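Here the sequence shown stands for residues 0 to 104, where the numbers follow numbering that gives the first Met the number 0.
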Amino acid sequence: MNDLREDINDLIKKIPVLILQFGSDTCGPCHAIRYKLEQWMSEHKEVEARYVDIEKNMEISSQIGIFSAPTVLVYMDGQLVARESGYFSLDALLGDIERYLELRK
0 MNDLREDIND LIKKIPVLIL QFGSDTCGPC HAIRYKLEQW MSEHKEVEAR
50 YVDIEKNMEI SSQIGIFSAP TVLVYMDGQL VARESGYFSL DALLGDIERY
100 LELRK
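The following block contains the structure:
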């Protein structure tokens, strides 16, 4: 998963299925989620993801309303379809994304 380097609004508009993970270097659960997302992404090339360090990107985090880490946002066709923060089931979230991808085929 790449670190965020592009304008976030442009990404949301142009990438059909986008996962944004907000975290920080000091957040243990953030590292675990990033690792698991990277593994999942290797099998789902149709999905793109970006990692946003909330400490280095405070303006973006504030603009989107991110106040805790980890937070994962899922955008499909430019629309926010899922938002999970704190302690959540990443497996359940990824399962939801897989079902959506099947419907798109």
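Beta carbons are placed, not taken as given, at the ideal position from N, Cα and C, and that holds for glycine. Quick caveat: nothing in here was measured; it's all calculated off a predicted structure.
Selected residue, minimal CA-CA separation from residue i, among the options
i	options	result
Glu-101	Lys-55, Asp-90, Tyr-50 and Glu-45	Glu-45
Ser-88	Ser-60, Pro-69, Gly-64 and Lys-104	Pro-69
Val-51	Asp-9, Asn-8, Arg-4 and Arg-82	Arg-4
Tyr-86	Glu-54, Gly-22 and Asn-56	Gly-22
Met-75	Lys-12, Ala-31 and Glu-83	Lys-12
Asp-2	Glu-37, Glu-97 and Val-16	Glu-37
Lys-55	Gly-77, Val-71, Asp-24 and Ser-84	Asp-24
Val-16	Arg-82, Gly-77 and Arg-98	Gly-77
Asp-6	Met-40, Glu-58 and Tyr-34	Glu-58
Pro-28	Ser-41, Phe-66 and Ser-84	Ser-84
Ala-91	Leu-10, Val-71, Ile-53 and Phe-66	Val-71
Leu-10	Glu-42, Glu-47, His-30 and Ser-61	Glu-47
Arg-49	Arg-82, Arg-33 and Ser-61	Arg-33
Glu-42	Lys-104, Arg-103 and Glu-97	Glu-97
Simplified DSSP assignment, three categories, for residue i
i	result
Glu-83	strand
Ala-68	coil
Leu-102	helix
Ser-47	Contrary to the premise, residue 47 reads as Glu rather than Ser in this sequence. Note: Glu-47 maps to strand in three-state DSSP.
Met-75	strand
Asp-24	coil
Ile-18	strand
Asp-95	helix
The ligand NAP heavy atom lying under 7 Å from the CB of residue i
i	result
Ser-61	Annotation note on the ligand NAP: not contained in the displayed structure, which lists no ligands.
Residue i, enclosing alpha helix (DSSP H) - first and last residue
i	result
Ile-11	7 to 13
Met-57	57 to 63
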